[in-house]
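Below: the structure, in structure tokens.
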Ligand code: B12
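Here is the structure:
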């Protein structure tokens, strides 16, 4: 139970950066994930759709998230996810955060291909993953 003084903002569980990877404009699922994380106590920064790899790297460096969420509904988004995760690794940021992917037809094969830590098929999966990683009871 998080203790909170009257009038004080509740303490956030962790920071999550989320965006739809480059080449993909779908954002309805991502927006639901963002909303569900927000109302479950996470500080979420949504960086939008068709997000270039470099923007993810710049935003991670600035925002210092505990978790990065990559969304994408097109099959070609799998390559963008892989490229984004490789760039996070090359920038030396990979060990500092967890990466989850979701949207469309993601499964364990896609998770393995992209190098993400986990995948989720709905917004509550995203919340459960983040809570587990932060050691918070789901
Ligand atoms: C709505 C829609 C659109 C809208 C998008 C509007 C918007 N603002 O997002 C519009 C009309 C713009 C569109 C465009 C296109 N679309 Co479209 N679209 C869809 C559609 C009908 C629904 C997708 C959706 O939003 N569902 C609603 C959400 C709520 O569903 P959901 O999956 O349950 O969401 C959950 C999970 O995905 C998960 N999740 C999502 N993100 C994340 C992230 C993380 C980290 C986690 C853990 C979980 C998670 O949580 C969500 C909430 O519970 C699908 C078909 C379908 N039935 O899925 C096609 C579909 C995705 N589109 C498709 C295509 C081909 C296109 C276009 C290329 C069409 C065209 N020729 O122009 C363009 C793509 C443009 C681009 N570059 O992105 C194909 C993709 C095929 C493929 N395998 O690549 C699909 C599958 C349709 C089809 N059967 O052909 N599309």
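Numbering (the working numbering), first residue to last: 33 to 170.
Backbone N, C-alpha and C fix where the C-beta goes; we use that ideal spot for every residue, glycine too.
Any non-hydrogen atom of the ligand B12 closer than 8 Å to residue 103 Cβ: yes
If you reduce the DSSP assignment to three classes, tell me which class residue 75 lands in. strand
Counting only beta-carbon separations shorter than 9 Å, does residue 92 have a partner in chain D? Given the protein chain composition of this structure (a single chain), no chain D is represented.
If distances are taken between C-alpha atoms only, which option among 129, 61, 72, 105 comes closest to residue 92? 129
Spatial distance of residue 64 from residue 122 (CA atoms): In a straight line, the C-alpha of residue 64 is about 30 Å away from that of residue 122.
To which residues of the same chain is residue 70 closer than 8 Å at the C-beta, ignoring the five residues directly before and after it? 76
Put residue 85 into one of helix, strand or coil per three-state DSSP. Annotated three-state conformation of residue 85 is helix, per DSSP.
Looking at C-alpha atoms only, which residue of 55, 53, 73, 49 is the closest neighbour of residue 43? 73
Residue 110 - DSSP class collapsed to helix/strand/coil: helix
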